[in-house]
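Just so you know, the sequences run in chain order X and Y.
Residue numbering for the first sequence follows my numbering, starting at 16 and increasing by one per position.
Residue numbering for the second sequence follows my numbering, starting at 16 and increasing by one per position.
Each residue gets a CB set at the ideal place from its N, CA and C atoms; glycine is no exception.
So the structure is just underneath, and the comments pick up after that.
There are 2 protein chains.
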Amino acid sequence: MKVSELAKAYGTTPDTVRYYTRLKLLNPIKSENGYKYYPPTEVSRFKFILSARQLGFSVSDIKQIVDEAGHGKAACPLVRALIKERLAETEKQFQAMLTLRENMSRALEQWECKEDKAPTSTMVCHLIDSFEPVSTEEPSDEK
Amino acid sequence: MKVSELAKAYGTTPDTVRYYTRLKLLNPIKSENGYKYYPPTEVSRFKFILSARQLGFSVSDIKQIVDEAGHGKAACPLVRALIKERLAETEKQFQAMLTLRENMSRALEQWECKEDKAPTSTMVCHLIDSFEPVSTEEPSDEK
DNA sequence: GTAGACCTGTGTGTAAGACACAGGTCAAGT
DNA sequence: ACTTGACCTGTGTCTTACACACAGGTCTAC
């Protein structure tokens with residue numbers, strides 16, 4: 016398969032295929048005209064990469080995994096370790112987004128009924144300046 | 016205030032202060048020795064920027080808002096419009112993270128009890144290859 | 001006078017591609 | 001045979017919101 020064919024087959028873009036190829040995650044065969052051709056093994060590797068990305072692995076995680084597997088070793092322990100890390104990160108970000116989302120909707124609500132005010136030298140926008148966020152502090156749980 | 020003082024006062028880093036200054040979001044006074052000094056108006060502007068960032072506005076959003084206010088106009092309508100956009104984006108990302116998080120924990124669970132397997136030419140890691148994600152598809156709601 | 005802690009500007013790095021561009025290649029239609 | 005248009009190639013730059021590095025200037029305390 017050629018670059019665009021591969022991309023289309025899995026609903027991504029040629030740029031993504033080229034990106035992974037640049038990083039040597041994919042190793043196509045170069046034909047005489049200079050075009051890259053992806054044999055079946057590379058196609059399934061691409062599928063693998065996309066699955067791993069969907070599971071939250073970073074591209075560099077995937078590189079590690081592929082390298083490990085390239086040595087014939089089972090990458091499973093590494094994979095389990097990595098996903099634990101990524102899950103923890105995701106959980107953190109998730110909580111942050113939860114707070115952010117709540118703050119944003121609270122702000123929107125608060126602001127709907129407030130009038131406009133011209134700025135002053137110390138206040139760019141009274142909406143933002145006077146916004147009261149939800150308490151992020153857990154009363155006394157850590158430290 | 017000097018760069019590091021300002022940063023410390025609001026729990027950020029000197030690099031952040033310098034970054035906003037580079038973008039002309041902050042306009043310090045240069046003293047003879049070349050150091051930047053932030054007068055009270057710039058200090059409250061910095062406070063404003065940090066609040067806006069916490070509310071999910073991008074730095075370029077903030078630049079727009081500040082510019083608008085710089086012309087003496089009330090930035091409130093712009094602020095309301097922008098936060099609606101950002102909230103919508105956040106909502107999307109939030110849903111995506113929800114799915115991701117679920118997939119990750121499901122994967123972790125599924126994988127705990129599976130044994131390791133050596134890779135083959137078409138399979139880098141059977142854990143990832145055989146993972147079954149939660150259904151992302153809404154049965155037939157759009158399109 | 002000098003050590004150490006600050007400051008300056010500028011430049012580079014990050015993640016995961018998206019986009020641009022100059023030029024080569026190929027299949028189809030004339 | 002020739003041209004058009006759709007593909008391909010490499011390479012380089014852009015994005016976000018800073019973090020970090022570096023060479024050199026400045027300030028404070030000893």
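Check whether X:A89 and Y:D144 have beta carbons under 7 Å apart | Reading the first sequence from its first residue, position 74 is the one you call residue 89 of chain X. Reading the second sequence from its first residue, position 129 is the one you call residue 144 of chain Y. No, these two residues do not count as a Cβ contact at 7 Å.
Margin query: For Y:V94, which residues in the same chain have their Cβ closer than 7 Å to its Cβ, ignoring the five residues on either side in sequence?
Written below: Taking the first residue of the second sequence as 1, we reach residue 94 of chain Y at position 79. Result list for Y:V94: I80, in chain order.
query: Between which two residues does the alpha helix (DSSP H) carrying X:P92 extend?
result: One-based indexing of the first sequence puts residue 92 of chain X at position 77. Element bounds for X:P92: C91 to E127.
* **Nearest-angstrom Cα separation, counted from X:C91 out to Y:V32** => Your numbering for residue 32 of chain Y matches position 17 in the second sequence. Your numbering for residue 91 of chain X matches position 76 in the first sequence. Their backbone Cα atoms lie some 44 Å apart in a straight line.
- Message: Let me confirm a value: X:E57 is counted as buried when at least 16 other C-beta atoms fall within 10 Å, else exposed. Which label applies?
- Response: As a working note, residue 57 of chain X is residue 42 in the first sequence. X:E57 should be labelled buried.
Residues within the stretch 89-103 of chain X neighbouring chain Y, beta-carbon criterion of under 8 Å:
A89, A90, C91, P92, V94, R95, I98, K99, R101 and L102
Verify the CB distance criterion: does X:T105 have a CB-CB separation below 7 Å to chain Y? Residue numbering aside, residue 105 of chain X sits at position 90 when the first sequence is read from its first letter. Yes, contact with chain Y.
Can you name the residues of chain Y whose CB is closer than 7 Å to the CB of X:R60?
Counted from its first residue, the first sequence places residue 60 of chain X at position 45. Simply V139.
task: Using 10 angstroms around the beta-carbon of X:E157, count the other beta-carbons present and answer buried if the total reaches 16, otherwise exposed.
output: Translated into the one-based positions of the first sequence, residue 157 of chain X becomes position 142. With a pLDDT of 42 at X:E157, under the threshold of 50, the modelled position of that residue is not reliable, and no figure is offered here.
| query | By Cβ distance, which residues of its chain are closer than 7 Å to Y:D30, with the 5 residues on each side in sequence left out? | reply | As a first step, residue 30 of chain Y is located in the second sequence; it is residue number 15 there, counting from the start. So no residue of the chain qualifies.
Looking at C-beta atoms only, is the number of pairs between the stretch 92-111 of chain X and the stretch 39-58 of chain Y that lie closer than 8 Å three or more? no
Where Y:E100 falls, given that 16 or more other Cβ within 10 Å makes a residue buried | Translated into the one-based positions of the second sequence, residue 100 of chain Y becomes position 85. Answer is exposed; the Cβ neighbour count stays below 16.
Check: In chain Y, which residues lie less than 9 Å from X:I80 when you measure between Cβ atoms?
Finding: Within the first sequence, numbered from 1, the residue matching residue 80 of chain X stands at position 65. Under the 9 Å cutoff, chain Y gives V139, C140 and I143.
Counting only C-beta atoms, is X:R68 closer than 7 Å to chain Y at any point? Residue numbering aside, residue 68 of chain X sits at position 53 when the first sequence is read from its first letter. No, no contact with chain Y.
ask   = Can you list the residues of chain Y that X:G87 reaches, using a CB-CB cut of under 9 Å?
value = Along the first sequence, one-based indexing puts residue 87 of chain X at 72. Neighbours of X:G87 on chain Y, chain order: A133 and P134.
Exercise for review: Can you tell me which of the three DSSP states X:Y53 falls into?
Suggested key: Looking up residue 53 of chain X in the first sequence gives position 38. X:Y53 falls in the coil class under three-state DSSP.
- Task: Report the rounded CA-to-CA distance for Y:E117 versus X:R116, giving the unit in angstroms.
- Result: Translated into positions along the second sequence, residue 117 of chain Y becomes position 102. Translated into positions along the first sequence, residue 116 of chain X becomes position 101. Their Cα atoms are separated by approximately 19 Å.
Going by DSSP in three states, X:K62 sits in which element: helix, strand or coil? Within the first sequence, the letter at position 47 stands for residue 62 of chain X. X:K62: helix per DSSP, three-state reduction.
- Message: For Y:D82 and X:L123, I'd like the C-alpha separation in whole angstroms.
- Response: Position 67 of the second sequence, counted from the start, is the residue given in the question as residue 82 of chain Y. Position 108 of the first sequence, counted from the start, is the residue given in the question as residue 123 of chain X. Approximately 21 Å between the Cα atoms of the pair.
Mind pulling the chain X residues with CB within less than 8 Å of Y:T56?
-> On the second sequence, residue 56 of chain Y is found 41 positions in, with the first residue counted as 1. Those within 8 Å of Y:T56 in chain X are S136 and T137.
Note to self: Can you check which of these residues, X:A133, X:S73 and X:L21, is closest to X:R60 by C-alpha distance?
What the structure shows: Here the question's residue 60 of chain X lines up with position 45 in the first sequence. Of the listed residues, the one whose Cα sits closest to X:R60 is X:L21.
Does the distance from the CB of Y:P43 to the CB of X:A84 come in under 7 Å?
In the second sequence, residue 43 of chain Y corresponds to position 28, counting from 1. In the first sequence, residue 84 of chain X corresponds to position 69, counting from 1. The answer is no: Cβ separation not under 7 Å.
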